[in-house]
Structure formats: structure tokens, C-alpha cells
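Below is one structure; the comments refer to it alone.
There are 2 protein chains.
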Amino acid sequence: MDPTTLLAILEDRGYRLTGPRRRVAEVVVGKADGFTAEELCSALPNVGRATVYRTLKLLVDATIICKLAMPDGEPRYTPSHAGYHHHHAVCVDCGAIQEFRDSTVERVVKAIGSDLEGQIVGHRIEFFIQCGKCGGRVS
Amino acid sequence: MDPTTLLAILEDRGYRLTGPRRRVAEVVVGKADGFTAEELCSALPNVGRATVYRTLKLLVDATIICKLAMPDGEPRYTPSHAGYHHHHAVCVDCGAIQEFRDSTVERVVKAIGSDLEGQIVGHRIEFFIQCGKCGGRVS
DNA sequence: AGATTTGACGATACTAAGTCTCAAATACTA
DNA sequence: TAGTATTTGAGACTTAGTATCGTCAAATCT
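Chains as they are written, first to last, in the working numbering: chain A, 723 to 861; chain B, 723 to 861.
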């Protein structure tokens, strides 16, 4: 996604296109492999921390980026390339992210839902990998 | 699990059975529905925060309790009743936890592993529900 | 049981991640 | 272009957890 498209989405949702938001957009779309909030703050020293976090939240709400968590719980953001529901596999060494969608996963989620008492309102499914570059077997 | 068994497991792993650990054990086994680290600290005002966190880590390593994360990322601990690998469904309203094991999930995990570039080193699978008591449909 | 060794404790300072506040600045609208 | 509602940013605050380190006590040894 290019910054212009990203900003257009925010505009459609009624948000103003401000300088800081443009600058965040610029950086975010360039980080194909995901990033932490702190990285973003460092990359944008002229944008306040609060604004960075606020903008991240907007982008997550707009499903432009996804927020996921490393094994230790450290949050990590990644631009979402798919418009549809999907999951992520994150390399624990370099942070590279593979998006995937698996209809089997969705079927399993539904099946489990009917086995549990109560109603499923969400789920979190994340895979941690060592990517090819980082020593994992290349399949 | 009763506190004695819990402590025996720690002992087997070479840890000393100290007063603070006994007190933590006592409280943990009583919290069937999960708890936060802060709740544990409050419940044990005479045990230092650092000790509470250290003991939680020991218990997680020993797979006596599981650490999971609510939708907003807030960590939550829960006594593990199953000895085997399993997943959790947490009520977002009251925190009640259902453990489940689903062989389908495991099969799917394996199948996805062979589709991804690299090697799977872990995964996180959590379901968020509204339990029967909290307004979710009872299935 | 008493002495020794070594792991554990806890007070406190610190870090990291994120939120809140509010006056000042700025983007949109008419 | 003036008006107004939104957004910003500095910095204080919060929350969750870690590090330090002198003190203490559990297990072991004799």
C-alpha cells in the first residue's frame, strides 16, 4: 500500500490529514517486515510519542496494519497486505512476517466454537518461526 | 492441583521450598479462573513483588500455570489442569477460562508449518469468549 | 544439633510501553 | 478567510515487569 491510499482510507473514516499522520504513513508503508512502536518513534523524532501511538491505533482500527505479539508479549506492528481476515507467522530472530490465510484454520475455529460453553468473540492465532534467512529449514 | 503437589514439582526441579513460595502456591491453586500478577501481589502483601514475579516465572516454566494474554495484551495467568499441550478460551468479561485440546488444531498447525517458509518454533492460539454467565449463548 | 553454603528474599530504583492532560496549533468548512 | 472542532506535543503519569544487592534462611554437611 502506498502512503496516499493509506491516507485516503483515514480521510474516508473522517480523520484529518495532518502533517504528523502523513509522516507516520510514509514510514509505516516502508516497513514491510513489521516494526515496534519505539522504532517508529525513533524514526520520527519530530512526531510526538502520543501522536505515534494514537496514529497506530487508528491504523489498526482501519485494518491497515495489524498488531501482534512476539512470544514474550512484545507488541509488533505490521502492514496488512490482505484485505481479508488472516494470520501471521513471525520470525523470532529478524521479525520478518508471513501473512497467511488458511480456510482450515477458520473451519477449526468454528468447530471449536460449538464445543465451548459460551460465544466466541475473538481469537488470536500467531505462529512463531525461524525464517529461511535465520536458520530455519526452507520447506 | 493442591499446593503440596505444586511444591513437590518445584522441589523436583531443584528449587527450595521457601515460605514465600508456599504462600504463592496456596493462592495460585485457589484461583481456578485465572488471575493477574497484580492480583497476586495484592493477595500476598507480605511477599515482595519481585518474588511474586519470579515465582510466576518458575511456575510457567514448570507448566504448572499458563500465561496468556487478553485481547488488549494484558497478561493473565491460569492454573493448568492438563498435563498435555492445550489451548485456552478466556471470557473477556469475567476471566473464566476453559482449557481445551483439539487434535484438529494440532493437525492444522502441522499442515500450516509445511506451507510456511522456515521452521515453526512456536505458536499462540487463544480464544476469547463470553461465557454462559456473562451473556454468551450456551451451546 | 550446629556450622556452612548457596539460593532466595524484598526494598527500592529503574526501565519500557503506553496513556492522560491541556494549552497551542492546525485542518477543514462555510 | 474566519470560525471551530480536531489534532498535536511536551511532559507527567501509570502499569508491568526487571535489576541490584545487602540480608536472610533452606538444605546440606559433619
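For every residue, glycine included, the Cβ atom is placed at its ideal position computed from N, Cα and C.
Remember, it's a predicted structure, so these values are computed and weren't measured experimentally.
Could you give the residue range of the beta strand (DSSP E) that holds residue i?
| i | result |
| --- | --- |
| Glu848 (chain A) | Gln841 to Gln852 |
| Cys816 (chain B) | Segment: none, Cys816 (chain B) is in no beta strand (DSSP E) and carries neither H nor E. |
| Cys788 (chain A) | Ile787 to Ala791 |
| Thr800 (chain B) | Pro797 to Pro801 |
Which residues bound the alpha helix (DSSP H) around residue i?
| i | result |
| --- | --- |
| Arg776 (chain B) | Arg771 to Asp783 |
| Pro767 (chain A) | Pro767 (chain A) -> no alpha helix (DSSP H), and no H or E assigned at all. |
| Leu729 (chain B) | Pro725 to Asp734 |
| Ala747 (chain B) | Gly741 to Gly752 |
Below 7 Å on C-beta distance, what does residue i contact in chain A?
| i | result |
| --- | --- |
| Ala833 (chain B) | Thr826 |
Exposed or buried, which one is residue i when buried takes at least 16 other CB atoms within 10 Å?
| i | result |
| --- | --- |
| Thr826 (chain A) | exposed |
| Arg743 (chain B) | buried |
| His816 (chain A) | Residue 816 (chain A) is actually Cys in this sequence, not His. So Cys816 (chain A) ends up on the exposed side. |
| His803 (chain B) | exposed |
| Glu848 (chain B) | buried |
| Leu705 (chain B) | There is no way to answer for residue 705 (chain B), as the model of chain B reaches only from 723 to 861. |
| Phe805 (chain A) | In the sequence as presented, Phe is not what sits at residue 805 (chain A); that position holds Gly. Gly805 (chain A) should be labelled exposed. |
| His807 (chain B) | exposed |
| Gly795 (chain B) | exposed |
In terms of DSSP beta bridges, what is residue i paired with?
| i | result |
| --- | --- |
| Ala811 (chain A) | A:Gln820 and A:Phe849 |
Whose Cβ in chain A lies nearer than 8 Å to the Cβ of residue i?
| i | result |
| --- | --- |
| Phe822 (chain B) | Ile834, Asp837 and Leu838 |
Show which residues of chain B have a CB atom less than 9 Å away from the CB atom of residue i.
| i | result |
| --- | --- |
| Val830 (chain A) | Asp824, Thr826, Val827, Arg829 and Val830 |
request  = Closer than 9 Å, Cβ to Cβ, to anything on chain A: give me those residues from the segment 835-857 of chain B, in chain order.
outcome  = Contact residues of the segment 835-857 of chain B toward chain A are Gly835, Ser836, Asp837, Leu838, Glu839, Gly840, Gln841, Ile842, Val843, Gly844, His845, Arg846, Ile847, Glu848, Phe849, Phe850, Ile851, Gln852, Cys853, Gly854, Lys855, Cys856 and Gly857 (C-beta to C-beta distance below 9 Å).
key: Residues of the segment 785-818 of chain A with Cβ closer than 7 Å to any Cβ of chain B, in chain order   = Listed in sequence order: Ala791, Pro793, Gly795, Pro797, Ala811, Cys813 and Val814.
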